[in-house]
Amino acid sequence: MKCPTAETSQRTINSTGLSIRTNNLLTPSFLVKSPMGESKTRPTYFCRNCENPLALGEDLISKKFVGASGPAFMFSHAMNVVVGPKIGRKLITGSYVVADVTCSKCGETLGWKYVETFDLKQRYKEGMFVIEKLKLTKNY
17 MKCPTAETSQ
27 RTINSTGLSI
37 RTNNLLTPSF
47 LVKSPMGESK
57 TRPTYFCRNC
67 ENPLALGEDL
77 ISKKFVGASG
87 PAFMFSHAMN
97 VVVGPKIGRK
107 LITGSYVVAD
117 VTCSKCGETL
127 GWKYVETFDL
137 KQRYKEGMFV
147 IEKLKLTKNY
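Position 84, counted from 1, in the sequence shown is what the working numbering calls 100; the numbers after and before it change by one each time, with no gaps.
Here you go:
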């Protein structure tokens with residue numbers, strides 16, 4: 017059995033930059049070569065209140081979401097968060113079952129997690145985390 021870094025078919029950076037394969041070997045997705053050849057590291061996102069790490073730059077899906085306090089980011093994964101009970105909520109794009117997300121260290125409400133959607137076009141959101149920009153800081 018081959019390990020994940022063993023030879024595989026070549027892939028290039030997709031439109032979101034989430035998967036990279038070079039010379040048939042897996043390159044860490046947080047390390048991207050810029051056009052000038054130098055390395056560029058993606059940021060880690062932290063709770064603005066207590067600096068608890070919440071998400072990795074490689075898990076950032078979109079910056080085009082809106083939360084209660086304004087702009088919000090969608091992440092495929094989040095860490096050091098507490099996911100609350102499921103509740104039905106009417107959002108801009110329709111009705112969803114969501115769970116509020118809070119920081120595990122300070123208890124600050126950060127955003128929500130999409131649990132279920134009833135619109136097939138919005139199904140990609142299920143399991144994703146939306147964290148408000150004002151609740152985050154980032155560090156490279």
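Every residue, glycine too, gets a C-beta built ideally from N, C-alpha and C.
- Span separating the alpha-carbon of K141 from that of Y130: 6 Å
- Three-state secondary structure (DSSP) at Y130? strand
- Query: Taking buried to mean at least 16 other C-beta atoms within 10 Å of its own C-beta, is L126 buried or exposed?
  - Reply: buried
- Message: In this structure, how does DSSP classify E54 when only helix, strand and coil are distinguished?
- Response: Only weak support exists for where E54 lies, its pLDDT of 49 falling under 50; the coordinates are left without a value.
- Query: Once you ignore the five residues that flank T38 on each side, which residues in its own chain have a CB closer than 7 Å to its CB?
  - Reply: Low confidence applies here, because T38 scores a pLDDT of 38, under 50, leaving its location unreliable; read the following figure in that light. Hits under 7 Å: none found.
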